[in-house]
Each structure stands twice: as structure tokens, then as C-alpha cells.
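Q: In the UniProt record's numbering, the protein residues as written are 1 to 213. Positions of the beta carbon are idealized from the N, C-alpha and C atoms, including for glycine.
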């Protein structure tokens, strides 16, 4: 066998041994991929309930919320005792179940326990076309986020709340209605735990305070 062919085979062997997701991709049929992605695509048309309650026109979708959370995660320091990559993955999927169950909030009359149960069942359904290892990884990420017991889950929750009040501030600014969405700021008072996110929240609240003067 030609030495270049041997080198190519060895390179492929390393990929197969150390990149299970690479292999998993080839285990999925095209129809399975399409089924999963088309279901996930519904999240782009699922709006955030909190904004509809205030009659905001063309409110943010859940997909837009998760996208900016993932973007914010790239700004996290890599030296604070958590995996930034894992936080990013969690941010991308933590609300994915809402493409089936919708954006359930306390105003929907659903308990936290029931909300988690509905979302986990929906996540199982969404991920059903995927290979078992990927399916388990994604469902477990959602469960980990809901449990709020790991550093990554706690950081991701902070990003969730921070992105929400950042969006609220943008809506107030666009509507030229300072203080209009105070409810969202009150609900997140003193809930943040991640040092860098706390700094961002302080900067946001200071900017908002100046805009209301």
C-alpha cells in the first residue's frame, strides 16, 4: 500500500476513534436529518410569550433568544471553572422543546414541575430520529439545565435571564417608553450568580437608569 494511502487511512482511523459525533452523522439517513431539522425549524416561528403579553409587534422568537445566548456565551472567560463549549451547547438547545409545547411561563398556569416534564417529553420526541448517543446527549443537556446543579447550567440560566432583560431594554428604547418593561427587571433582581454576567447586568441597569432620567 502506498505510504500516502496509509497516512490517509491512519488519519481517518483517528477521526473514527476520537470523534463519535463524526461517525454518528454518517449513521443518520438523510430523511432522519431532515425530520429532526424541520421539527427544530419550528422554533424560529415560536414567539416569546412574555413579549406578546405586552402587545409587542413582531416579538422575538425563541430561536432568536437562544441564538443571542449562544453568542453571549462566546464572551465568557475560559478560566472560571466551567466549560464554555458546554454552556454554548446548552444555550442552543435549552428551549428547543418549545417548538412543540410553546413558551410556557408562570402566567400559563403550569407548574415548574409540569413544565419540565412536558419539555423533556417534547425533547425526547424531537430527538427521536437521531442516533442514541446524540439523542441522549441532547436530552441530558436539557435535564442538566433544568436541575441547575452544575456550573454550566447555572451560567446558562444567567445568560437566559441576562438576554431577556437586554431584549427588554431594547424594546423600551425602540418604543421610546422608558421603564415600560420594569416587570422583567424586577423579576431578575439579585438572581445572577456568575461574576462576569453580574458585571454585564450592572452595566445594563446603569444604561437603563440613564435612559429614564
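Looking at residue 90 and residue 166, is the spacing between their C-beta atoms short of 8 Å?
A: Start at 1 with the first residue of the chain shown, and residue 166 comes out as number 166. Start at 1 with the first residue of the chain shown, and residue 90 comes out as number 90. For residue 166 and residue 90, no; Cβs fall outside 8 Å.
Q: Does the stretch 114 to 121 touch the stretch 84 to 103, meaning 3 or more C-beta pairs lie closer than 8 Å?
A: Counting Cβ pairs under 8 Å, three or more are found: they touch.
Q: According to DSSP, is residue 61 part of a helix, a strand, or is it coil?
A: Counting from 1 along the chain shown, the entry for residue 61 is found at position 61. If DSSP states are grouped into helix, strand and coil, residue 61 belongs with the strands.
Q: Please specify which runs of the alpha helix (DSSP H), each continuous and at least 4 residues long, are wholly inside the stretch 87 to 151, giving them in chain order.
A: Entirely contained in the stretch 87 to 151, the alpha helix (DSSP H) runs reaching 4 residues are, in chain order, 98 to 101, 112 to 127 and 132 to 147.
Q: Using a Cβ-Cβ cut-off of 6 Å (strictly less than) and excluding sequence neighbours within five positions of residue 86, which residues of its own chain qualify?
A: Residue 86 sits at position 86 when you count from the first residue of the chain shown. So the qualifying residues of the chain are 152.
Q: In whole angstroms, what is the alpha-carbon distance linking residue 56 and residue 132?
A: As a first step, residue 56 is located in the chain shown; it is residue number 56 there, counting from the start. As a first step, residue 132 is located in the chain shown; it is residue number 132 there, counting from the start. If I take the Cα positions, the gap works out to 40 Å.
Q: Alpha carbon to alpha carbon, what distance is there between residue 31 and residue 187?
A: By 1-based counting over the chain shown, the position of residue 187 is 187. By 1-based counting over the chain shown, the position of residue 31 is 31. Whole-angstrom Cα-Cα distance: 43 Å.
Q: From the DSSP output, which residues share a beta bridge with residue 47?
A: Position 47 of the chain shown, counted from the start, is the residue given in the question as residue 47. Paired residues: 61.
Q: If you reduce the DSSP assignment to three classes, tell me which class residue 179 lands in.
A: Your numbering for residue 179 matches position 179 in the chain shown. Here residue 179 sits in coil by DSSP.
Q: With 16 as the cutoff for other CB atoms within 10 Å, does residue 157 come out buried or exposed?
A: Counting from 1 along the chain shown, the entry for residue 157 is found at position 157. Classification for residue 157: buried.
Q: Can you give the beta carbon distance from residue 66 to residue 95, rounded, assuming they're within the 8 Å contact cut?
A: For the purposes of this step, residue 66 is taken as residue 66 along the chain shown, with counting starting at 1. For the purposes of this step, residue 95 is taken as residue 95 along the chain shown, with counting starting at 1. Right, the Cβ-Cβ distance comes to about 6 Å (below 8 Å), so this counts as a contact.
Q: At the level of alpha carbons, what is the spacing between residue 135 and residue 127?
A: Numbered from its first residue, the chain shown carries residue 135 at position 135. Numbered from its first residue, the chain shown carries residue 127 at position 127. Roughly 5 Å between the two C-alpha positions.
Q: Once you ignore the five residues that flank residue 150 on each side, which residues in its own chain have a CB closer than 7 Å to its CB?
A: In the chain shown, the residue the question calls residue 150 occupies position 150. 144.
Q: Is the Cβ-Cβ distance between residue 84 and residue 73 less than 8 Å?
A: Stepping through the chain shown from its first residue, residue 84 is reached at position 84. Stepping through the chain shown from its first residue, residue 73 is reached at position 73. Yes.
Q: Indicate the three-state DSSP secondary structure (helix, strand or coil) for residue 30 in the structure shown.
A: Numbered from its first residue, the chain shown carries residue 30 at position 30. Reduced to three states, the DSSP call for residue 30 is helix.
Q: When the Cα atoms are used, what is the spatial distance from residue 43 to residue 77?
A: Stepping through the chain shown from its first residue, residue 43 is reached at position 43. Stepping through the chain shown from its first residue, residue 77 is reached at position 77. Rounded to the nearest angstrom, the two C-alpha atoms are 29 Å apart.
Q: The alpha helix (DSSP H) that contains residue 197, what's its start and end?
A: Reading the chain shown from its first residue, position 197 is the one you call residue 197. That run of the alpha helix (DSSP H) goes 195 to 211.
Q: Considering only residues of the same chain and omitting the five flanking positions on each side of residue 204, which have a CB-CB separation below 7 Å?
A: By one-based count along the chain shown, residue 204 stands at place 204. If we look at residue 204 and ignore the five residues flanking it on each side, its Cβ neighbours are 165, 166 and 169.
Q: If you compare alpha carbons, which of 34, 38, 50 and 41 is closest to residue 185?
A: Mapped onto the chain shown, residue 185 falls at position 185. Measuring from the Cα of residue 185, the nearest candidate turns out to be 50.
Q: For residue 73, name the three-state secondary structure that DSSP assigns.
A: For this step, residue 73 is matched to residue 73 along the chain shown. Residue 73: helix per DSSP, three-state reduction.
Q: When DSSP labels each residue in this structure, what does residue 192 get in the three-state scheme?
A: Position 192 of the chain shown, counting from 1, holds the residue named residue 192. Coil at residue 192, not helix or strand.
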